[in-house]
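*Asks:* Got a structure here, written out as structure tokens. Questions coming.
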């Protein structure tokens with residue numbers, strides 16, 4: 004079979020199957036069945052995929068339904084035509100003993116999905132008033148006109164907001180944990196606005212799930228397209244017991260954890276990673292060696308606790324000068340000796356070279372039984388460290404980053420208490436707290452129990468004018484079950500324009516990277532595409548005779564896409580995987596051998 008015939012027979016998804024002869028039933032008929040029933044086949048258009056966490060939504064002319072399958076959620080895009088087979092009809096978030104009060108969904112280990120190779124058509128939202136919202140429209144994309152929000156200020160992720168129509172009817176507008184409205188802290192509209200979203204239900208209450216900025220009348224989010232070779236990028240990331248030998252600590256699957264950390268790092272492409280909770284140098288070396296590019300590492304062997312600090316750095320842009328622990332305070336300081344880990348380095352960005360000192364820290368955690376003692380220890384450590392930096396690095400280019408184990412503007416211990424880090428926050432003449440706006444907006448870098456923003460970055464006044472941007476990475480947008488398989492912390496990145504002002508019009512040669520495995524391939528194969536920048540991504544598989552199969556054509560943020568290639572249906576020969584991002588084209592040979 005050649006590529007031309009595959010245009011009607013093949014799809015590229017994480018789980019693919021040939022279409023059965025049996026016609027699908029309508030979504031409305033599927034939802035009429037008893038929970039626990041196997042639904043043979045339904046079909047529809049995708050109304051939400053990576054815009055929301057955990058589930059995708061599809062709809063046909065009769066209704067909509069949630070699909071609880073992470074592979075599907077991350078593989079499809081809004082407007083895709085999909086076929087769902089062998090799903091289990093289930094309910095999520097219902098009141099105990101009251102079936103029908105939760106979200107109806109399809110799930111199960113046997114669920115299979117197929118993307119039908121036809122043009123994307125985004126579903127048109129159904130105009131609806133609040134009194135008409137009920138079971139019949141659950142799972143559908145709707146638009147509710149002329150709503151006014153009760154709350155003011157900024158939207159926060161993983162938070163519910165209240166809106167009222169002109170008749171006094173109210174509806175909950177839910178902002179999901181990965182929704183760009185919350186992760187970008189968009190302003191809550193103060194005037195009447197039309198709200199678009201998918202109708203969900205939780206414990207008997209219906210809510211509308213806004214997906215993107217335009218769903219609340221805001222302009223589209225501007226993707227950061229400043230090329231990464233124009234800035235010095237540093238990322239702090241707590242890797243949750245990385246290198247621990249068994250499942251008693253950290254994620255259960257250690258190989259999957261390392262693979263996914265590498266995928267995220269390939270997406271972020273930082274010059275320096277300041278890491279916390281690294282257990283062994285062997286694990287660190289394995290990670291460092293696997294990252295795309297030329298990376299090396301430092302491991303704080305002098306720290307006696309099991310959780311150690313480390314750096315991974317890009318040898319093409321970073322020349323280390325020295326490393327060491329910043330010993331300050333007594334024997335109990337910094338969780339009994341887990342002192343900030345210093346790296347002095349020369350950064351080469353563009354035509355500029357600058358010497359910078361970075362401190363990676365992991366502050367004392369809070370135990371519920373000793374919360375006040377732990378708070379006082381963090382506060383003392385911060386004050387001592389502030390003085391230490393004033394004494395030894397008064398005029399240096401300094402960056403302090405890491406897991407502060409508390410908020411910067413307040414404390415998680417008691418709202419009545421001042422921040423442990425007030426000595427830095429109040430010293431605005433010498434320090435810029437680049438993560439303070441993210442915390443103030445209600446974002447969370449810690450995604451475990453009691454979410455909070457506790458991973459912070461401070462830059463000294465010598466670097467304040469060169470601060471371009473600080474942002475919270477969101478790997479869970481393209482990575483299933485992130486918090487249970489990778490880490491309970493998200494990465495936080497700072498970008499510094501040490502070579503002068505940056506411009507979004509500047510271009511560079513490499514904007515994406517591609518891994519193909521195995522190569523050659525016979526029965527199956529995968530392509531992992533890392534979009535280093537946001538923009539328009541197109542992926543095509545091209546035969547030796549020029550026949551072309553379009554695999555991806557969409558707008559993306561910096562992210563990793565994993566495609567399953569239709570190898571079993573290709574004839575032997577050489578193909579090219581052509582990746583185009585923002586007009587820059589790369590081609591990777593793919594060998595198929597029978």
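In the numbering used here, the protein residues as written are 4 to 597.
Backbone N, C-alpha and C define an ideal beta-carbon position, used for all residues, glycine too.
Thinking C-beta only, is residue 51 closer than 7 Å to residue 214?
*Replies:* In the chain shown, counting from the first residue as 1, residue 214 sits at position 211. In the chain shown, counting from the first residue as 1, residue 51 sits at position 48. A contact, by the Cβ cut-off of 7 Å.
*Asks:* According to DSSP, simplified to helix, strand and coil, what is residue 128?
*Replies:* The count along the chain shown starts at 1 and reaches residue 128 at position 125. Coil.
*Asks:* How would you write the range of the alpha helix (DSSP H) that residue 44 sits in, first residue to last?
*Replies:* Your numbering for residue 44 matches position 41 in the chain shown. No alpha helix (DSSP H) holds residue 44; the beta strand (DSSP E) holding it covers 41-51.
*Asks:* For the alpha helix (DSSP H) that residue 140 lies in, which residues bound it at each end?
*Replies:* The sequence position of residue 140 within the chain shown is 137, counting from 1. From DSSP, residue 140 is part of no alpha helix (DSSP H); its letter is neither H nor E.
*Asks:* So the beta strand (DSSP E) residue 440 belongs to, where does it begin and stop?
*Replies:* In the chain shown, residue 440 corresponds to position 437, counting from 1. Where residue 440 is concerned, there is no enclosing beta strand (DSSP E), although the alpha helix (DSSP H) it sits in stretches over 439-443.
*Asks:* Whose C-alpha, out of 290, 432, 293, 283, is nearest the C-alpha of residue 307?
*Replies:* Position 304 of the chain shown, counting from 1, holds the residue named residue 307. Out of 290, 432, 293, 283, 283 has the C-alpha closest to the C-alpha of residue 307.
*Asks:* For residue 207 and residue 33, what's the separation of their Cα atoms in angstroms?
*Replies:* Residue mapping note: residue 207 aligns to position 204 of the chain shown, counting from 1. Residue mapping note: residue 33 aligns to position 30 of the chain shown, counting from 1. Distance between the alpha carbons of residue 207 and residue 33: 20 Å.
*Asks:* Please confirm whether residue 263 and residue 482 have their CB atoms less than 7 Å apart.
*Replies:* If you number the chain shown from 1, residue 263 lands on position 260. If you number the chain shown from 1, residue 482 lands on position 479. It is a contact, given that the beta carbons lie within the stated cut-off.
*Asks:* Can you list the alpha helix (DSSP H) stretches of 4 or more residues lying completely in the region 57-93, in chain order?
*Replies:* List check, alpha helix (DSSP H) in window: 73-78.
*Asks:* Determine the direct distance from the alpha carbon of residue 534 to that of residue 584, and round the result to whole angstroms.
*Replies:* Mapped onto the chain shown, residue 584 falls at position 581. Mapped onto the chain shown, residue 534 falls at position 531. The straight-line gap from Cα to Cα measures roughly 7 Å.
*Asks:* Taking buried to mean at least 16 other C-beta atoms within 10 Å of its own C-beta, is residue 597 buried or exposed?
*Replies:* Looking up residue 597 in the chain shown gives position 594. The residue is exposed, with fewer than 16 neighbouring Cβ atoms inside 10 Å.
*Asks:* Apply the 10 Å Cβ neighbour rule to residue 343 and answer buried if 16 or more other Cβ atoms are within range, or exposed otherwise.
*Replies:* Numbered from its first residue, the chain shown carries residue 343 at position 340. Buried, because 16 or more other Cβ atoms sit within 10 Å of the Cβ of residue 343.
*Asks:* What do you get for residue 544, buried or exposed, if any count of 16 or more other CB atoms within 10 angstroms of its CB means buried?
*Replies:* Here residue 544 corresponds to residue number 541 of the chain shown, with the count starting at 1. It counts as buried.
*Asks:* Among residues of its own chain, excluding the 5 on either side of residue 541, which ones have a beta-carbon nearer than 7 Å to its beta-carbon?
*Replies:* Start at 1 with the first residue of the chain shown, and residue 541 comes out as number 538. Cβ within range, chain order: 555, 556, 583.
*Asks:* How many angstroms separate the CA atom of residue 453 from the CA atom of residue 418?
*Replies:* Position 450 of the chain shown, counted from the start, is the residue given in the question as residue 453. Position 415 of the chain shown, counted from the start, is the residue given in the question as residue 418. Approximately 14 Å, taken between the alpha carbons.
*Asks:* Just curious, the beta strand (DSSP E) that residue 564 is in, first and last residue?
*Replies:* Counted from its first residue, the chain shown places residue 564 at position 561. 562-568 is the span of the beta strand (DSSP E), which, as asked, contains residue 564.
*Asks:* Output needed for residue 185: all residues of its chain with C-beta closer than 6 Å, excluding positions within five of it in sequence on either side, in chain order.
*Replies:* By 1-based counting over the chain shown, the position of residue 185 is 182. For residue 185, where only same-chain residues beyond five positions count, the Cβ hits under 6 Å are 158, 159, 160, 178.
*Asks:* According to DSSP, is residue 393 helix, strand or coil?
*Replies:* Taking the chain shown and counting its residues from 1, the one referred to as residue 393 is at position 390. In the structure shown, residue 393 sits in a helix (DSSP, three-state: H, G or I).
*Asks:* May I have the straight-line CA-CA distance separating residue 445 from residue 455, to the nearest angstrom?
*Replies:* Against the chain shown, residue 445 aligns to sequence position 442. Against the chain shown, residue 455 aligns to sequence position 452. Each residue's Cα considered, the two are about 8 Å apart.
*Asks:* At which residue ranges does the region 463-502 contain complete beta strand (DSSP E) runs of 3 or more residues, listed in the order of the chain?
*Replies:* Within the region 463-502, the complete beta strand (DSSP E) runs of at least 3 residues are 470-475, 495-499.
*Asks:* Between the alpha carbons of residue 269 and residue 518, how many angstroms are there, rounded?
*Replies:* Here residue 269 is taken as the residue at index 266 of the chain shown, counted from 1. Here residue 518 is taken as the residue at index 515 of the chain shown, counted from 1. Spanning the two alpha carbons is a distance of roughly 11 Å.
*Asks:* For residue 12, which of helix, strand or coil comes out of DSSP?
*Replies:* Residue numbering aside, residue 12 sits at position 9 when the chain shown is read from its first letter. In this predicted model, residue 12 has a pLDDT of only 38, less than 50, meaning its place in the structure is not dependable; the value taken from the coordinates is given anyway. Here residue 12 sits in coil by DSSP.
*Asks:* Whose C-beta lies closer than 6 Å to the C-beta of residue 449 among residues of the same chain, with five residues either side of it excluded?
*Replies:* Within the chain shown, residue 449 is the residue found at index 446, counting from 1. These residues qualify, in order along the chain: 455, 457, 492.
*Asks:* By a C-beta neighbour count over all protein chains shown, 10 Å radius and 16 as the cutoff for buried, is residue 164 buried or exposed?
*Replies:* Here residue 164 refers to the residue found at position 161 when the chain shown is read from its first residue. Burial call: buried.
*Asks:* Within 10 angstroms of the Cβ of residue 400, are there 16 or more other Cβ atoms? Answer buried if so, exposed if not.
*Replies:* Counting from 1 along the chain shown, the entry for residue 400 is found at position 397. Classification of residue 400: buried, given that the 10 Å Cβ count is 16 or more.
*Asks:* Taking C-beta to C-beta, are residue 394 and residue 337 nearer than 7 Å?
*Replies:* As a working note, residue 394 is residue 391 in the chain shown. As a working note, residue 337 is residue 334 in the chain shown. No.
*Asks:* Here's a check: name, in chain order, each residue in its chain whose Cβ is nearer than 8 Å to the Cβ of residue 398, leaving out the five neighbours to either side.
*Replies:* Mapped onto the chain shown, residue 398 falls at position 395. Answer for residue 398: 465, listed in chain order.
*Asks:* With DSSP run on the structure shown, which of helix, strand or coil describes residue 454?
*Replies:* Here residue 454 refers to the residue found at position 451 when the chain shown is read from its first residue. DSSP places residue 454 in coil when its eight states are reduced to three.
*Asks:* Shortest alpha-carbon distance to residue 92 belongs to which of 108, 99, 84, 78?
*Replies:* Sequence index remark: in the chain shown, residue 92 carries index 89 (1-based). Per the Cα distances, 108.
*Asks:* Can you list, in chain order, the stretches of the alpha helix (DSSP H) that have 4 or more residues and sit fully within the region 265-334?
*Replies:* DSSP runs (the alpha helix (DSSP H)) wholly in the region 265-334: 284-293.
*Asks:* Between 118, 81, 110, which has its C-alpha nearest residue 127's C-alpha?
*Replies:* Against the chain shown, residue 127 aligns to sequence position 124. The shortest Cα separation from residue 127 among 118, 81, 110 belongs to 81.
*Asks:* With DSSP collapsed to three states, give me the class of residue 363.
*Replies:* Counted from its first residue, the chain shown places residue 363 at position 360. Here residue 363 sits in strand by DSSP.
*Asks:* Measuring straight from C-alpha to C-alpha, what distance separates residue 391 and residue 331?
*Replies:* Within the chain shown, the letter at position 388 stands for residue 391. Within the chain shown, the letter at position 328 stands for residue 331. Whole-angstrom Cα-Cα distance: 7 Å.
*Asks:* For the beta strand (DSSP E) that residue 32 lies in, which residues bound it at each end?
*Replies:* The residue given as residue 32 occupies position 29 in the chain shown. Element bounds for residue 32: not the beta strand (DSSP E) but the alpha helix (DSSP H), 30-34.
*Asks:* According to DSSP, what are the bridge partners of residue 357?
*Replies:* In the chain shown, counting from the first residue as 1, residue 357 sits at position 354. Bridge partners of residue 357: 350.
*Asks:* I'd like the span of the alpha helix (DSSP H) that includes residue 174, first residue to last.
*Replies:* Here residue 174 corresponds to residue number 171 of the chain shown, with the count starting at 1. It is not in any alpha helix (DSSP H) - residue 174 instead sits in the beta strand (DSSP E) that spans 173-178.
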